[in-house]
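One structure is given below, encoded as structure tokens.
Chains as they are written, first to last, in my numbering: chain A, -2 to 516; chain B, 779 to 1004.
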């Protein structure tokens, strides 16, 4: 299984350019908007009071995080009461060590896994293979990408980047014979193959969509049923769960189940929702004899104490990915982290450091489709803006003096009506000097980023206030507002400062015009 | 390690409180939908909508006729069965015997070694269970584990038939969780699974395929008067 360690960050812009030029990937992603994206919209529309339900889910998350330590202690007590074991893992390495130890203790050689992004986050498969275990992903999509030695590119559709031809090739290689390029046939092949693994595995590893503090219930949601088999057949069940997945009460569950399935796939409920409560009871013939809950921090407590704690509300439904115009064009791998899409652009920098992931907060047009699709209404655009701000104020950020000067001048001119008028007037003069249409196609030097993938609007040849004054002149007999056009306001307090600023502004405009004319 | 972990979370939760989000007040029943006048018909309709086969019958004799028809259609060699009062009243054991289908159940599996138990369960070609509850609004069956009510009993074969009676049907998902809570949270079964459809996957090019791990065919027989 390929790994993607911290030092291997790739450049978002380069990766997206590559993704955009990949016709196979574009074909695969092209189906997202009309399938999962549309189903999400339809599901909200069909549920009366969906907004209130989402608000309720949000409220529960907010209140839970405010007392998270208490809920974790309650959860621990509940799991122990049900005969399970609880482990606290500070970080990825601690979690890997704990799980390796459990696996060693029960002498397991084969492990089946139900889909878990948290296990991706801690790179669990490699760690288990390194102690001589065979690890088999059992979600069909995860199985395909495990065989292809890739990693998931979507929270709920991990192999969305693969076309039918790719999948056929990957599974045919596994089968040692050519399989027909038909989803039903391929599915049947995988079912048979994975049944063999289920029959032999001693340990089943899952994530958890929710963990209920008062009952010790770990909730698993799947559509295929692999989560059920993973928790029915192997002798030992290990659930790896991030601490933010805790919810206080059993009665809170239906609120989340109702919003999760609708957001993820547009279903009223996912096909299988398993509420697992510790090991099997005496007399039962299936279910694990041993249950371990591994609670993972791995940077979550750091986020919990900070201004972006709302990102911990996320229930990993993938709705923001399906809604995002950027994700739908570049796919999950371009983001470079375990978590992709809008929520990935927020949490990858939080888990993994902002400077190393500096492209991600900018990998959004801030259109707000993610927030509208989110079952817990996470304000993702606001958080991306906060991260952009942090990029400029963080100690490790390198200040760009030219940029600082430019924005400083701009801010100054916006604070004074008089300067603003001068600067807009100057802009129209320069615009008249410039040849070409309403769009500037290319800016040179450090400004090329503006025009690298889009055109920059050229300043208008006349100002709105001048146009308005002209209109008023035409339609009324009165003289226009004397302050509306050049020359500027009659009263000028602190004349020295304003004149100095005007000179600077004129220089700035000259600089801009120089760039515009420089071709 | 545990102490340090919880201390860190305690401090973070405290300092995070200054960033709590504003949320509006929400009425207690927000998101409750319910099932209308005829929950049984609603259940059957929803089951069909999610890709199952549902039928509402009036009484036990009619139900028997349906089960016999299904058994003759699938001609199962080995049927994994729940032990449940409703299945007894239906006389399922006799129906299976008449159809020449081998029944495996808690009683027949218990004396066997673990590997043998697993092999027999994995070889089943039909699962027949009842339910603990059903939710009409979503077309959901809730199956709670217990000795004789195996997790595999609604999961492991390519076809699952569930027999439901009127008293088991609840209108909304919220009602289900209220019921389970009323039975005592400390006595929750070790596994409660909510089933809403045949096993499905969209993992190959978002094309829907059924039966990838769980049953690809899902039959729900609802009996009005038992």
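Backbone N, C-alpha and C define an ideal beta-carbon position, used for all residues, glycine too.
At least one CB atom of chain B sits nearer than 8 angstroms to the CB of residue 265/A. Per the C-alpha coordinates, the member of 299/A, 227/A and 242/A positioned closest to residue 206/A is 242/A. In this structure, the straight-line span from the alpha carbon of residue 32/A to that of residue 980/B is close to 10 angstroms.
Residue-level contact by beta carbon holds for residue 790/B and chain A, with a gap shorter than 8 angstroms. At a beta-carbon threshold of 7 angstroms, the residues of chain A lying near residue 952/B are 251, ordered along the chain. For the region 904 to 918 of chain B, the residues whose beta carbon sits under 7 angstroms from a beta carbon of chain A are, in order, 916 and 918. By the C-beta criterion, the region 935 to 952 of chain B is judged to be in contact with the region 896 to 913 of chain B, since at least 3 inter-stretch pairs fall below 8 angstroms.
Around the beta carbon of residue 461/A, fewer than 16 other beta carbons lie within 10 angstroms, which makes this residue exposed. Look at residue 930/B: its C-beta is under 8 angstroms from a C-beta on chain A. Here the region 812 to 829 of chain B lies against the region 991 to 1003 of chain B, with 3 or more beta-carbon pairs under 8 angstroms apart. Here the alpha carbons of residue 387/A and residue 972/B stand approximately 44 angstroms from one another. Contacts with chain B at 8 angstroms (Cβ-Cβ) include residue 304/A.
Boundaries of the beta strand (DSSP E) harbouring residue 269/A: 269 to 273, taken from the DSSP string. Scanning the region 216 to 264 of chain A for uninterrupted beta strand (DSSP E) segments of 3 residues or longer gives 233 to 239, listed from N- to C-terminal end. Below the 7 angstroms Cβ cutoff, chain B contributes no neighbours of residue 398/A, its closest Cβ being approximately 32 angstroms away. About 6 angstroms separates the Cβ atoms of residue 406/A and residue 502/A, confirming a contact at the 8 angstroms cut-off.
The C-beta of residue 796/B has fewer than 16 other C-beta atoms within 10 Å across all chains shown, which makes the residue exposed. The Cβ atoms of residue 907/B and residue 931/B sit closer than 8 angstroms to each other. Using a CB distance below 9 angstroms, the part of the region 856 to 890 of chain B facing chain A consists of 884, 887 and 888, ordered along the chain. At a cut-off of 8 angstroms between C-beta atoms, residue 276/A counts as an interface residue with respect to chain B.
In this structure, residue 783/B and residue 251/A do not form a Cβ contact; the two beta carbons are roughly 30 angstroms apart against a cut-off of 8 angstroms. A direct Cα-to-Cα measurement between residue 174/A and residue 439/A gives close to 53 angstroms. Secondary structure at residue 445/A: helix, using DSSP grouped into helix, strand and coil. Cα atoms of residue 914/B and residue 989/B: separation of roughly 23 angstroms, rounded to the nearest angstrom. For the pair residue 64/A and residue 925/B, the CB atoms are not nearer than the 8 angstroms cut-off. Partner residues in the beta bridge of residue 911/B, as assigned by DSSP, are 920/B.
Contact between residue 114/A and residue 429/A is absent: CB atoms are separated by about 56 angstroms, not below the 8 angstroms threshold. Taking all protein chains shown into account, residue 800/B has fewer than 16 neighbouring C-beta atoms within 10 Å of its C-beta and is therefore exposed. The closest CA to that of residue 171/A, considering only 155/A, 181/A, 154/A and 189/A, is found on 189/A.
Among the bridge pairs identified by DSSP, residue 939/B is matched with 906/B and 997/B.
DSSP places residue 423/A in the uninterrupted alpha helix (DSSP H) bounded by 414 to 430. Collapsing the DSSP output to three states places residue 927/B in a strand.
Residue state for residue 19/A is assigned as coil, using DSSP reduced to three classes.
Put simply, the CB of residue 313/A is far from chain B, with every gap to its CB atoms at 8 angstroms or more. Residue 331/A sits close to residue 13/A, with the two beta carbons spaced by under 8 angstroms. Contact between residue 240/A and residue 293/A holds, since their C-beta atoms are separated by about 7 angstroms, short of 8 angstroms.
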